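Just so you know, we're using my numbering here: the sequence shown kicks off at 4 and counts up by one. Below is one structure, written out as structure tokens; the observations come after it.
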Amino acid sequence: MREGIAPFLALSRNLDDLDAYLELVGEGEDIEADTLAEINSELSRATQTMDRMEVETLLSGEHDSNDAIVEIEAGAGGADACDWVQMLQQMYLKWAAARGFEVEIADESEGDIAGFRSTTFIIRGRNAFGYLRSEKGVHRLVRISPFDANKRRQTSFARVEVLPDLGDQAPVEINPDDLRIDYYRSSGAGGQHVNKTESAVRLTHIPTNIVVTCQNERSQHKNKAMAMNVLLARLAAYEEIKQNEREAALRGVVKANEWGNQDRSYVFQPYTMVKDLRTGWETGDVIGVMNGDLDPFMQAYLQWNQQQRLAETR
4 MREGIAPFLA LSRNLDDLDA YLELVGEGED IEADTLAEIN SELSRATQTM DRMEVETLLS
64 GEHDSNDAIV EIEAGAGGAD ACDWVQMLQQ MYLKWAAARG FEVEIADESE GDIAGFRSTT
124 FIIRGRNAFG YLRSEKGVHR LVRISPFDAN KRRQTSFARV EVLPDLGDQA PVEINPDDLR
184 IDYYRSSGAG GQHVNKTESA VRLTHIPTNI VVTCQNERSQ HKNKAMAMNV LLARLAAYEE
244 IKQNEREAAL RGVVKANEWG NQDRSYVFQP YTMVKDLRTG WETGDVIGVM NGDLDPFMQA
304 YLQWNQQQRL AETR
């Protein structure tokens, strides 16, 4: 409760201070240029804070306050698609770092030439899932391929899945007889330790054939616990879709990870643009987006999603 009220109280104090300064200006008091610059800076920060707080009012989903499990899988595009998975992972890690969120890498399956065929990581922070659910979908990349000797333009795809980390709140139970657990040696970096111990864990839920792997922790116990959390989240989403109780609330609509199904496009060549095809929000600052500047896309998605829900109730 205190965590939710603190930003409002801080903003209220800042606005009171700004109001006092503006009263002095209105009374004709002489104010130095440095002070005016500071006032303008504070006004800008206050505006940004109010915008962020307005967005948080839209985070009213059942699991919006939860941590987020992010899974990225390469689609069409070969080596470029695997490289694209790693680029997207770095984009989300930079976004999380800017917010002070914690990140745990659960699994990274390396590509044959570069990047990852898939990666799974958990972002922990206030409303992490609420924000990151805007990232679900197929992401398309258009650029000059660094893997093409002829420097031709290449289009590649990656699917981003975002699930709430339900932990003990998971509404599903796993029958031990339905679970197969395999231990194996990690294929990722880790030096001699990785080569000597079977610390990686693969969980297979036999009835649904859902498979989860975790190998980035040195401890077999930690890998198993993290993999179990991911499996519970995926099973909860599976049941949600299967029962069709809500419009696939946790996973969204699953599309083919290829041409014609992208939800967001990132164009590096012959021009620069990132555009979300659901909300229409776009920017030419591709580098800024890849460095984690995702808030405008998240805000546009939350507003668009709210409008969609209101339209459905009419």
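For glycine and all other residues, C-beta sits at the position ideal for the given N, C-alpha and C. Nothing here was measured: the structure is a model prediction, and the numbers come from that model.
Beta-carbon separation (whole angstroms), residue i vs residue j, contact threshold 8 Å
i    : j    : result
L280 : D266 : 6 Å
L305 : L91  : Contact doesn't hold; Cβ gap of about 20 Å is too wide.
A101 : G295 : 5 Å
V106 : E138 : Contact flag wrong, Cβ pair sits at about 14 Å.
G234 : H208 : Per the sequence shown, the amino acid found at residue 234 is Leu instead of Gly. Right, the Cβ-Cβ distance comes to about 6 Å (below 8 Å), so this counts as a contact.
V73  : F104 : With 8 Å as the limit, V73 and F104 do not qualify as a contact, their Cβ atoms being about 11 Å apart.
Sequence-distant residues of the same chain with beta carbon closer than 7 Å to residue i, five excluded per side
i    : result
N226 : S202, A203, V204, C217, Q218 and E220
G194 : Its pLDDT being 41, under 50, G194 is placed unreliably by the model, and the measurement read from it follows with that caveat. Here the set comprises nothing.
S159 : A79, G80, D83, A84, W87 and L144
G64  : G133
L18  : A49
A303 : D279, T282 and W284
E111 : F119, T122, G191 and N219
Cβ-Cβ distance between residue i and residue j below 8 Å
i    : j    : result
M301 : G287 : no
A239 : V175 : yes
P167 : A99  : no
M293 : M53  : no
V215 : A228 : no
G114 : R120 : yes
I75  : T122 : yes
A161 : H142 : yes
Close-in-space but distant-in-sequence residues of the same chain around residue i (CB under 6 Å, 5 per side omitted)
i    : result
A71  : I126, A131, F132, L135 and V165
I116 : A82
G118 : C85, D86, V88 and Q89
Y269 : L144 and V277
Terminal residues of the beta strand (DSSP E) in which residue i lies
i    : result
L182 : L182 to Y187
F132 : Note, F132: premise wrong, no beta strand (DSSP E); alpha helix (DSSP H) at A131 to L135.
H208 : A203 to H208
V277 : M276 to D279
P167 : R156 to P167
H142 : G140 to I147
F119 : F119 to R127
V270 : R267 to V270
Same chain only: Cβ atoms within 8 Å of residue i, ignoring 5 sequence neighbours per side
i    : result
G271 : In the sequence under discussion, the amino acid at residue 271 is Phe, which differs from the Gly named in the question. L144, V145, R146, I147 and V289.
T211 : L238 and Y241
E285 : M276, V277, K278 and D279
Q310 : none
S222 : S202
Delimiting residues of the alpha helix (DSSP H) encompassing residue i
i    : result
L313 : D298 to T316
I290 : V289 to M293
What runs of the alpha helix (DSSP H), each 4 residues or longer, lie entirely inside the segment 75-113? Runs found: 81-102.
Run through the segment 210-238 for me and flag every whole alpha helix (DSSP H) of 4 or more residues, listed as ranges in chain order. none
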